[in-house]
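Position in the sequence shown (from 1) plus 213 gives the number in our numbering. Positions of the beta carbon are idealized from the N, C-alpha and C atoms, including for glycine. The model shown is predicted, which means the values in this text are computed figures rather than measured ones. Single-structure report; data block below.
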Amino acid sequence: MSVRVLQLISSKGYYGAENVVVNLARALEDSGSRAVVGAFRNSHSVHLEVIDRAQKQGLTVQTFECNGRFDYSVVDRISSFVAESGIDLVHTHGYKADLYGYFAARRAGKPIIATCHNWIGDSLAVRVYEAIDRFGLASFDAVVAVSEAIADRLVEDGVSLPKIVRIHNGIEVTSFVHAFPTLRRDLGWDERFIIGSVGRLSEEKGQDVLIHACSDLLRSNKDVVLVFVGDGPQKTWLKGLASRFGISSQVAFVGNRDDMPGVYASMDLFVLPSRAEGMPMVLLEAMASGLPVIASRVGAVPTVVHDCETGWTFEPENITELRSMLLSVKIGNARQSVGEAARRLVQTDFSSAGMASRYHDLYDRVLDSTHRLETKHCVTKVCG
214 MSVRVLQLIS SKGYYGAENV VVNLARALED SGSRAVVGAF RNSHSVHLEV IDRAQKQGLT
274 VQTFECNGRF DYSVVDRISS FVAESGIDLV HTHGYKADLY GYFAARRAGK PIIATCHNWI
334 GDSLAVRVYE AIDRFGLASF DAVVAVSEAI ADRLVEDGVS LPKIVRIHNG IEVTSFVHAF
394 PTLRRDLGWD ERFIIGSVGR LSEEKGQDVL IHACSDLLRS NKDVVLVFVG DGPQKTWLKG
454 LASRFGISSQ VAFVGNRDDM PGVYASMDLF VLPSRAEGMP MVLLEAMASG LPVIASRVGA
514 VPTVVHDCET GWTFEPENIT ELRSMLLSVK IGNARQSVGE AARRLVQTDF SSAGMASRYH
574 DLYDRVLDST HRLETKHCVT KVCG
């Protein structure tokens, strides 16, 4: 059946979770349901990139003003929107959306589910909020984990197993096939071997590990360059690290880009050196582009990167292992065949349409369960 869903997120930019929200909303619309992408307009830090991307996709959007960390009036605004817009179900992404979305959905008498993408824990305050979030998720109608590691953590924190549903992220594959290499053109690196990494420049993403591992290779091969796509709090520190290794001229920090198919098409090798992940969207995008990938064995990465088949994996923070792998992959002959196998895997198992179908099944299940409970309550009230 057709479902009208509010996809709610509090954003600090356009990263993996935001990408999931837009891809899911677009695929739901394509399947005949209705999706509204909702985001907080946080007074202390305005980031509405997810709204901009959703609008470019022709999606319905809604912003909710939020003044400070504990602005309870946001609950009223979300609840009113849910009631007035005929929303059937609220779907939240991230601890802030979970908190406000839960109370708003309950006030509006609507079911709520959450997707847990990952817990960053990049400050004491965030770790406290995330711990509270995991505790509160036990009261949701359903909780989606994008990896087994996240599902296990939810169980540890008291979410009952029947409420936990495992749904891997998915992407819109076709835009990553045969894209023009825009980044290579913009950087003027037509003849260079480009190692690329995409993600927020923050500690959990491990870009420092990649710089360490690449340093010898770059110093001895002037035709090899390293490109970081994204922005974040560690940008200045990472630039300083590249300078200390004497490889600044071969390392580029290009910030956020809105031409990601062309970015991946510019790379010869993609590396994801994260210390923690759920199901990384950038990894799926790189694989959909036919790129050979090297990624740390964290989160759901081993479910998509099968060693020597669809890519290569290494232990997180193991600089020696990554250094050896980078050299062997660069000079090896398996890059093209591995990249093509990676592309086929993503097309088959990790499309946004497949992801949306699994979410739609969950929505139907939750709505049906809610309807049966309401009917039972009404019968009990009348007969009692």
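How should residue i be labelled, buried or exposed, when 16 other C-beta atoms within 10 angstroms of its C-beta is the threshold for buried?
i	result
residue 382	buried
residue 549	exposed
residue 401	exposed
residue 341	exposed
residue 595	Confidence in residue 595 is poor, its pLDDT being 47 and thus under 50, which makes the residue's placement too unreliable to answer from.
residue 592	Reliability fails at residue 592, whose pLDDT of 46 lies under 50, so the model's placement of it is uncertain and the value that follows must be treated cautiously. Residue 592 comes out exposed.
residue 280	exposed
residue 449	exposed
residue 337	exposed
residue 390	exposed
residue 431	buried
residue 521	exposed
residue 421	buried
residue 419	buried
residue 258	exposed
residue 351	exposed
residue 305	buried
residue 474	buried
residue 311	buried
residue 322	exposed
residue 374	exposed
residue 526	buried
residue 533	exposed
residue 541	exposed
residue 536	buried
residue 413	buried
residue 498	buried
Our contact map puts residue i next to residue j with C-beta atoms below 8 Å; I'd like the distance itself, whole angstroms only.
i	j	result
residue 424	residue 479	Not really, about 19 Å apart at Cβ, beyond 8 Å.
residue 511	residue 490	5 Å
residue 249	residue 301	No, residue 249 and residue 301 are not in contact; Cβ-Cβ is about 11 Å, not under 8 Å.
residue 288	residue 320	7 Å
residue 274	residue 575	Not really, about 23 Å apart at Cβ, beyond 8 Å.
residue 572	residue 221	Between residue 221 and residue 572 the Cβ distance is about 14 Å, and since that is not below 8 Å, they are no contact.
Given this structure, state the Cα-to-Cα distance separating residue i from residue j, to the nearest angstrom.
i	j	result
residue 264	residue 309	17 Å
residue 367	residue 546	42 Å
residue 446	residue 284	26 Å
residue 615	residue 362	Only positions 214 to 597 of the chain appear in the structure, and residue 615 is not among them; the question remains open.
residue 565	residue 345	30 Å
residue 347	residue 327	11 Å
residue 561	residue 530	31 Å
residue 277	residue 268	16 Å
residue 242	residue 494	20 Å
residue 598	residue 380	Outside the displayed range of the chain (214 to 597) lies residue 598, so it cannot be described from this structure.
residue 393	residue 244	29 Å
residue 399	residue 459	23 Å
residue 600	residue 388	As shown, the chain starts at 214 and ends at 597. That puts residue 600 outside it, with no answer to give.
residue 230	residue 295	22 Å
residue 442	residue 409	8 Å
residue 252	residue 246	20 Å
residue 513	residue 364	11 Å
residue 496	residue 578	30 Å
residue 376	residue 303	16 Å
residue 298	residue 356	24 Å
residue 504	residue 453	29 Å
residue 488	residue 415	10 Å
residue 558	residue 293	42 Å
residue 539	residue 271	40 Å
residue 396	residue 370	43 Å
residue 403	residue 411	20 Å
residue 492	residue 239	19 Å
residue 553	residue 501	9 Å
residue 486	residue 519	16 Å
residue 385	residue 359	17 Å
residue 254	residue 582	33 Å
Is residue i near the ligand SAH, in the sense that its beta carbon is under 7 Å from a heavy atom of that ligand?
i	result
residue 443	The ligand SAH is not among the ligands present in this structure, which contains no ligands whatsoever.
Quick one: any contact between the stretch 435-442 and the stretch 457-474, if contact means 3 or more CB pairs under 8 Å? Taking 8 Å as the limit for Cβ pairs, the verdict is that the stretch 457-474 does touch the stretch 435-442.
Can you list, in chain order, the stretches of the alpha helix (DSSP H) that have 4 or more residues and sit fully within the stretch 380-407? Restricted to the stretch 380-407, the alpha helix (DSSP H) segments that are unbroken, complete and at least 4 residues in length are 395-400, listed in chain order.
Counting pairs of Cβ atoms below 8 Å between the stretch 315-323 and the stretch 556-574, do you hit three or more? The answer is no - the stretch 556-574 does not touch the stretch 315-323, with fewer than three Cβ pairs under 8 Å.
Output the residue ranges of the beta strand (DSSP E) runs that lie fully inside the stretch 427-510 and measure 3 residues or longer, sorted by chain position. Restricting attention to beta strand (DSSP E) runs no shorter than 3 residues, the stretch 427-510 encloses them at 437-442, 464-468, 482-485 and 506-509, ordered along the chain.
For the stretch 225-236 and the stretch 250-264, state whether three or more C-beta atom pairs, one from each stretch, are separated by less than 8 Å. With the cut-off at 8 Å, the stretch 225-236 and the stretch 250-264 touch.
So within the stretch 514-546, which uninterrupted beta strand (DSSP E) runs reach at least 3 residues, ignoring any that extend past its ends? Scanning the stretch 514-546 from its first residue to its last, the whole beta strand (DSSP E) runs of 3-plus residues come out as 525-527.
Runs of beta strand (DSSP E) lying entirely within the stretch 273-316, each at least 3 residues, in chain order: Whole beta strand (DSSP E) segments, 3+ residues: 273-279 and 302-306.
Counting only runs of 3+ residues fully inside the stretch 232-258, write out the beta strand (DSSP E) ranges in chain order. Along the length of the stretch 232-258, whole beta strand (DSSP E) runs at least 3 residues long occupy 247-255, reported in chain order.
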